[in-house]
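Residue numbers (our numbering), protein chains in the order written: chain P, 1023 to 1289; chain W, 1023 to 1289.
Written as structure tokens, this is what we have:
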């Protein structure tokens, strides 16, 4: 099916894109060569061509960055953009009232990928960023996505390894299974100190027009008893986003009919 | 320098990415083939390889979309992200008070590219969207970026063509030159009905740590006399973003020393 040539060029381009990180968004050709393991001449040629397509740009000091053109192409037609756009006014509303961090995550490659984050100066510690990731078992968003995700993903997650960030992280499969059933039953995840002892995450599911869970809306607040008050705020906002996406009402049948509709991961 | 093979594969991949639009974010292989002018077999092979790298994804109904992985790679290391992140709290503040549309634009390829937009249901008509574009001469953000942009860009813009969206659009070079001088002198652009008769844009420059204009922060409100009240709001927010980016104070020297510092486009 594929030519050796085509595969090889594309794989190299993927490696070049992967070389750029939030910590180091600007690299020289020799740095890119070192990180990708590609020969300097190959790197130089591919970078030049990516620059000609505006997929990369070059600083005055010859450092290379991700170009606006590729950002534009993938953002304007991104299927995530419709969920993110529907969620923004609700997230802003939550952010105005609760402060701290408000974020929107989706399932991608067995992790939570954060599409959006609103935060405040001096807010509680948080490890997410836009286009950042967290494992499913440790974060409130991840637990919501895992609880409502495909059964095989849940089984793979339960099979571990389950990294323990704090003594509170649910790193035991039986405990995780019970938490997932609870998330489905109560309609949200409540996670005191799972990722960091001082932070508490509350997340609720966002559903699309077929009633499928497509994202998790979460708030990260200080890990104290006052955090309970954000639960209805987060749930209401997530419900609002779902309505904006055209989800059928009533969404929250799991209150009445239990977790069986979500398929089989009860303990 | 470049092999014919490598160039051709990359150019084809660029064409495939360009086939996806906000209106049609999901396409079949034959639709992609038709839009790119690539042979169906070539399209099918390249799509399969892009899917294997998660740069594209395939629905259950075999339609192809932009993948999360490429969005993640370009977003996490995008140089635009730091400006956008610095601007968000200020934009949210403006949005809370003014409502309507608040947007952040940067100069790209002789146009304004919008990085971010906050809007409200029922807000005044606006043609921008995230990762959307507008010409420089017609939009308030564009006029700010053009007024502070490189002299050769300004000369090219003045050489036209200058599309007239409404009778108010500055489509005459002499008038546009005068408006740009005014934008530099007063520190903002005020654009009643330039893009649509019922909308008015107000934009102010965002400067980086070297004092260079890197973005324009704008508000789009109904085209009436009350719009004057948003000028200080937009200017203050743009100043705040610039401070957050580490711009040296005082930024607004053009109030005292005139447009000459911005280089030569006064009439």
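By construction, the Cβ of each residue, glycine as well, lies at the ideal position given by its N, Cα and C atoms. These numbers were taken from a predicted model, which means no experiment stands behind them.
Query                                                                                                                                                                                  : Result
Which same chain residues, not among the five before or five after residue 1096 (chain W), have their C-beta less than 7 Å away from its C-beta?                                       : none
Once DSSP output is grouped into helix, strand and coil, what is the label at residue 1011 (chain W)?                                                                                  : In this structure chain W extends from 1023 to 1289, so residue 1011 (chain W) is not present and cannot be described.
Can a CB atom of chain P be found closer than 7 Å to the CB of residue 1112 (chain W)?                                                                                                 : no
To the nearest angstrom, how far is it from the Cα of residue 1277 (chain P) to the Cα of residue 1068 (chain W)?                                                                      : Here residue 1277 (chain P) scores only 47 on pLDDT, less than 50, and its place in the model is too uncertain to base an answer on.
Please list, in chain order, all residues of the same chain as residue 1024 (chain W) whose beta carbon is under 6 Å from its beta carbon, the five residues on each side excluded.    : The predicted model places residue 1024 (chain W) with a pLDDT of 41, which falls under 50 and marks its position as unreliable; any figure quoted below should be read in that light. Counting only Cβ-Cβ distances below 6 Å, and skipping sequence neighbours, we find nothing.
For the putative contact between residue 1140 (chain W) and residue 1102 (chain W), defined by C-beta atoms under 8 Å, what is the C-beta separation to the nearest angstrom?          : Not a contact, Cβ separation roughly 16 Å.
By Cβ distance below 7 Å, which residues in the same chain neighbour residue 1198 (chain P) in space, the five residues on each side in sequence not counted?                          : 1159, 1180, 1184 and 1192
Is the CB of residue 1157 (chain W) under 7 Å away from at least one CB in chain P?                                                                                                    : no
Which ranges does the beta strand (DSSP E) cover as unbroken runs of at least 3 residues, wholly within the stretch 1066-1121 of chain P, from first to last along the chain?          : 1078-1080 and 1086-1088
Residues in its own chain within less than 6 Å of residue 1318 (chain W) by CB, not counting five upstream and five downstream?                                                        : With chain W covering 1023 to 1289 only, the question about residue 1318 (chain W) has no answer from this structure.
I'd like to know if the stretch 1105-1115 of chain P and the stretch 1224-1240 of chain P are in contact, where contact means that at least 3 CB-CB pairs between them fall below 8 Å. : yes
Can you tell which of W:1214, W:1210, W:1153 and W:1235 has the C-alpha that lies nearest to the C-alpha of residue 1255 (chain W)?                                                    : W:1210
Compute the distance between the beta-carbons of residue 1221 (chain W) and residue 1239 (chain W), then report whether it is under 7 Å.                                               : no
Please determine, among W:1161, W:1142, W:1132 and W:1079, the residue with the shortest C-alpha to C-alpha distance to residue 1121 (chain W).                                        : W:1142
Which residues does DSSP list as the beta-bridge partners of residue 1229 (chain W)?                                                                                                   : W:1235
What residues from chain P crowd round residue 1231 (chain W), counting only those whose CB sits closer than 7 Å?                                                                      : In chain order: nothing, as chain P lies at least about 15 Å away.
Hey, residue 1163 (chain P) and residue 1225 (chain P): beta-carbon distance below 7 Å or not?                                                                                         : yes
Give me the chain W residues within the contact set of residue 1061 (chain P), using Cβ-Cβ distance strictly less than 8 Å, ordered along the chain.                                   : The contacting residues do not exist; residue 1061 (chain P) stays about 13 Å from chain W at best.
So residue 1172 (chain W) is in the beta strand (DSSP E); what residue range does that whole segment cover?                                                                            : Careful: residue 1172 (chain W) lies outside any beta strand (DSSP E) and carries neither H nor E.
Quick check: the Cα distance between residue 1116 (chain W) and residue 1113 (chain P), rounded to an integer number of angstroms?                                                     : 16 Å
Quick one: using the 10 Å Cβ neighbour count with 16 as the cut-off for buried, is residue 1247 (chain P) buried or exposed?                                                           : exposed
Where does residue 1042 (chain P) sit, in a helix, a strand or coil, going by DSSP?                                                                                                    : coil
Could you check which residue in P:1190, P:1172, P:1098 and P:1064 has the C-alpha nearest to that of residue 1161 (chain P)?                                                          : P:1190
Confirm, please, whether the CB-CB distance from residue 1172 (chain P) to residue 966 (chain P) is below 7 Å.                                                                         : Missing from the structure shown is residue 966 (chain P); chain P here goes from 1023 to 1289 and no further.
In angstroms, rounded to a whole number, what distance separates the CA positions of residue 1250 (chain P) and residue 1215 (chain P)?                                                : 14 Å
Rank W:1150, W:1203, W:1194 and W:1152 by C-alpha distance to the C-alpha of residue 1169 (chain W) and give the top, closest one.                                                     : W:1203
Identify the contact partners of residue 1145 (chain W) in chain P, using a Cβ-Cβ distance below 7 Å as the criterion.                                                                 : Neighbours of residue 1145 (chain W) on chain P: none; closest Cβ ~11 Å, over 7 Å.
Could you tell me if residue 1094 (chain P) is buried or exposed, where buried requires 16 or more neighbouring beta carbons within 10 angstroms of its beta carbon?                   : buried
Out of W:1252, W:1242, W:1253 and W:1236, point me to the one whose CA is closest to residue 1263 (chain W)'s CA.                                                                      : W:1236
Applying the 10 Å Cβ sphere with the 16-neighbour rule, what's the burial state of residue 1196 (chain P)?                                                                             : exposed
Measuring straight from C-alpha to C-alpha, what distance separates residue 1041 (chain P) and residue 1063 (chain W)?                                                                 : 31 Å
Does the distance from the CB of residue 1089 (chain P) to the CB of residue 1076 (chain P) come in under 7 Å?                                                                         : yes
Applying the 10 Å Cβ sphere with the 16-neighbour rule, what's the burial state of residue 1218 (chain P)?                                                                             : buried
Mind checking if residue 1123 (chain P) is an interface residue toward chain W, Cβ cutoff 7 Å exclusive?                                                                               : no
What are the start and end residues of the beta strand (DSSP E) that includes residue 1186 (chain P)?                                                                                  : Here residue 1186 (chain P) belongs to no beta strand (DSSP E), and DSSP marks it neither H nor E.
Here's the rule: buried if 16 or more other CB atoms are within 10 angstroms of the residue's CB, otherwise exposed. What is residue 1052 (chain W)?                                   : exposed
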